[in-house]
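Undergrad: Protein sequence lines, in the order shown, are assigned to chains A and B. Here the first sequence stands for residues 261 to 471, where the numbers follow my numbering. Here the second sequence stands for residues 261 to 471, where the numbers follow my numbering. Okay, here's the structure, questions in a sec.
Number of protein chains: 2
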Amino acid sequence: MENYKIPKKSVERLSIYKRILKGIMDAGFTTVSSRELAERAGLNSAQVRKDLVYFGQFGTPGMGYHVSILHRTITKIMGLHKKIPVALIGVGNLGQALLSYQGFKERGFIIESIFDNDREKVGKIKNGLKIMDERNISIEIKKKNIRVGIITIPSSAAQSAANKLIKGGIKGILNFAPIELKVPSRTTVVNVALCEKLEMLSYYLSKRKLL
Amino acid sequence: MENYKIPKKSVERLSIYKRILKGIMDAGFTTVSSRELAERAGLNSAQVRKDLVYFGQFGTPGMGYHVSILHRTITKIMGLHKKIPVALIGVGNLGQALLSYQGFKERGFIIESIFDNDREKVGKIKNGLKIMDERNISIEIKKKNIRVGIITIPSSAAQSAANKLIKGGIKGILNFAPIELKVPSRTTVVNVALCEKLEMLSYYLSKRKLL
DNA sequence: TATTCCTTGTGATAAATTTCACAAATCCTG
DNA sequence: CAGGATTTGTGAAATTTATCACAAGGAATA
């Protein structure tokens, strides 16, 4: 709502609150306090309230927040109430896993086109979609008006694929390749740092001499 | 090295520096400045120096850092120079993708046991490993002295699997389930928040009215 | 209705993280 | 070897993020 700068961390936590609210809602409760939300998320209750206030005043003193209303509100704030057509670049192991991943569909991210640069794969059918040649990314996504691309190809090819997505007018990229993609400022990139997470785990175990 | 508190963010960036150093090394360069590293990582050069100094003094004024030495040092700091036996809990789409994922093997994470609670799957072979019943997690990982578990099952079953891992003496868990696992303090959990990343992307696009 | 109990929203404070800026160290050139 | 050009490591300052603490609003009870 407000146009102040909202901390990236707050946005990330919004997602967590939504998940917790879903659980509380399914358990049949109608209201929840910031204290309870904080406890379940492993945070401070003031932080929960501050985070929520960035987006509006949803609480009632003495009572807390209305679970289903807050859940619906967050869903809307995050734009998760609409369907979003998505293109998948890279039909390898990870790509295929994401193709079958229910979490994407549940959130309205509908994979409509899939690409690979492996001659062996192009033309084959996966989950009802024909694998297309990466060279056709720009044309295809422009034609289908696809807004989001998911990149699951090796780093070496990731930038080139990103360029094709951008040429086709992509708005956002979910990038699984361990590389900092160079994109124009109008394009939003969110990186999923799989390797980094793994290496962090290794570090913490190593530090405690547990390996 | 030091026992001061090292910011979690610095540890995460260590991983990024390592990746960049690898690229510079492969390109044939022998030294690199903090300015160059910062530029490639999209950071401030003072930050790069501060991050590195947490672990020791690796640079030479006027020259910068020795690429391959720094790379090797970071690898060692992160404990990535040793092989780590890993158990995979959940041989679904994501689990199978990780099973074939080279990134794990490259970093010394060797998947040695795989589990699922689906009767249909138990007993089948995947990537040369027999899928075992989740009820045997504790015994099996204790027997094989497995230190790390990767959880790729739905949230509803994740805590129960984590408990079995802990009972078997697991040291670290890489958790893909969107749930805050409750574990004793001696166990390190690193969460991979796939859904949250996706939702963040949705939020940023939605905010800019791009959906 | 009055009173007590909760819980929100928020200004103030504290803590963590990032950036600035510069002395000191080293390299490189002539 | 002198002098200029770099680049590190690091205090200090700035910025960002998290926590505290409390007035004010509303619910619940009697």
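Quick reminder that beta carbons are idealized off the backbone N, C-alpha and C, glycines included.
So, at 6 Å on beta carbons, what are the nonlocal neighbours of A418 of chain B in its own chain, with the 5 sequence-adjacent residues on each side left out?
TA: Taken in chain order, the residues that qualify are I411, A437, I439.
Undergrad: Taking 8 Å as the CB-CB limit, is R279 of chain A close to chain B?
TA: Yes, R279 of chain A lies at the interface with chain B (some Cβ there is under 8 Å from its Cβ).
Undergrad: For Q307 of chain A and L281 of chain A, what's the separation of their Cα atoms in angstroms?
TA: For Q307 of chain A and L281 of chain A, the distance between alpha carbons rounds to 16 Å.
Undergrad: My output table needs one value for K427 of chain B: the three-state DSSP class, helix, strand or coil.
TA: In this structure, K427 of chain B counts as helix in the three-state DSSP scheme.
Undergrad: For a contact defined as C-beta to C-beta under 8 Å, what are the partners of R367 of chain A on chain B?
TA: The answer, in chain order, is C455, L458, E459, S462.
Undergrad: Kindly indicate which residue of B:M285, B:S415, B:V408 has the alpha-carbon position closest to the one of M460 of chain A.
TA: Selected option, being the one with the closest Cα: B:V408.
Undergrad: In terms of residues, what are the limits of the alpha helix (DSSP H) holding K209 of chain B?
TA: Not covered by the structure: residue 209 of chain B. The range shown for chain B is 261 to 471.
Undergrad: Measuring only between beta-carbons, confirm whether P438 of chain B sits less than 8 Å from chain A.
TA: Yes, contact with chain A.
Undergrad: Are the CB atoms of L354 of chain B and A357 of chain A nearer to each other than 8 Å?
TA: Going by C-beta atoms, L354 of chain B is nearer than 8 Å to A357 of chain A.
Undergrad: Would you identify the three-state DSSP class for I439 of chain B, choosing helix, strand or coil?
TA: Correct three-state label for I439 of chain B: coil.
Undergrad: Using a Cβ-Cβ distance cut-off of 8 Å, determine whether T448 of chain B contacts chain A.
TA: So yes, T448 of chain B belongs to the interface.
Undergrad: Smallest Cα separation from V313 of chain A: which of A:G288, A:K265, A:P444, A:P345?
TA: Cα-wise, what sits closest to V313 of chain A is A:K265.
Undergrad: Return no unless some Cβ of chain A is closer than 8 Å to the Cβ of G428 of chain B.
TA: No, its Cβ sits nowhere closer than 8 Å to a Cβ of chain A.
Undergrad: Helix, strand or coil for F289 of chain B? Go by DSSP, reduced to three states.
TA: Correct three-state label for F289 of chain B: coil.
Undergrad: Grab me the residues of M261 of chain B's own chain with a C-beta within less than 7 Å of its C-beta, minus the 5 sequence neighbours each way, in chain order.
TA: Unreliable placement is indicated for M261 of chain B, whose pLDDT of 35 sits below 50; the coordinate value is still reported in the next sentence. Excluding positions up to five away in sequence, the list reads F315, G316.
Undergrad: Along the chain, where does the beta strand (DSSP E) containing A347 of chain B start, and where does it finish?
TA: Unbroken beta strand (DSSP E) run through A347 of chain B: 344-349.
Undergrad: Skipping 5 residues on each side, what residues in its chain have a beta carbon closer than 7 Å to that of L441 of chain A?
TA: Within the same chain, L441 of chain A has close Cβ partners A418, Q419, A422, I433, N435, V449.
Undergrad: Quick check on M323 of chain B: buried or exposed, where buried means 16 or more other Cβ atoms within 10 Å of its Cβ?
TA: So M323 of chain B ends up on the exposed side.
Undergrad: Span of the beta strand (DSSP E) holding Y325 of chain B?
TA: First-last of the beta strand (DSSP E) with Y325 of chain B: 324-326.
Undergrad: Which residues in the same chain as N377 of chain A place their Cβ atom closer than 6 Å to its Cβ, once the five residues preceding and following it in sequence are excluded?
TA: For N377 of chain A, where only same-chain residues beyond five positions count, the Cβ hits under 6 Å are E394.
Undergrad: Could you give the DSSP three-state label for L389 of chain B: helix, strand or coil?
TA: Strand, per DSSP.
Undergrad: Taking F318 of chain B as part of the alpha helix (DSSP H), name the residues at either end of that continuous run.
TA: F318 of chain B -> no alpha helix (DSSP H), and no H or E assigned at all.
Undergrad: What are the residues that DSSP puts in a beta bridge with T448 of chain B?
TA: Paired residue(s): B:G432.
Undergrad: Between the beta-carbon of I413 of chain A and the beta-carbon of L389 of chain A, is there less than 8 Å?
TA: Taking 8 Å as the Cβ cut-off, I413 of chain A and L389 of chain A do not qualify as a contacting pair.
Undergrad: What did DSSP end up calling S373 of chain A once you bin it into helix, strand or coil?
TA: Strand.
Undergrad: Give a yes or no on whether the minimum CB-CB distance between E262 of chain A and chain B is below 8 Å.
TA: Confidence is the limiting factor: at E262 of chain A the pLDDT is only 39, short of 50, which leaves the residue's position unreliable, though a coordinate-based value still follows. With 8 Å as the cut-off, E262 of chain A does not count as an interface residue toward chain B.
Undergrad: Does the distance from the CB of I344 of chain A to the CB of L471 of chain B come in under 8 Å?
TA: Closer than 8 Å, so yes.
Undergrad: For R309 of chain A, which residues in the same chain have their Cβ closer than 8 Å to its Cβ, ignoring the five residues on either side in sequence?
TA: Closer than 8 Å at Cβ, skipping near neighbours: S294, G319.
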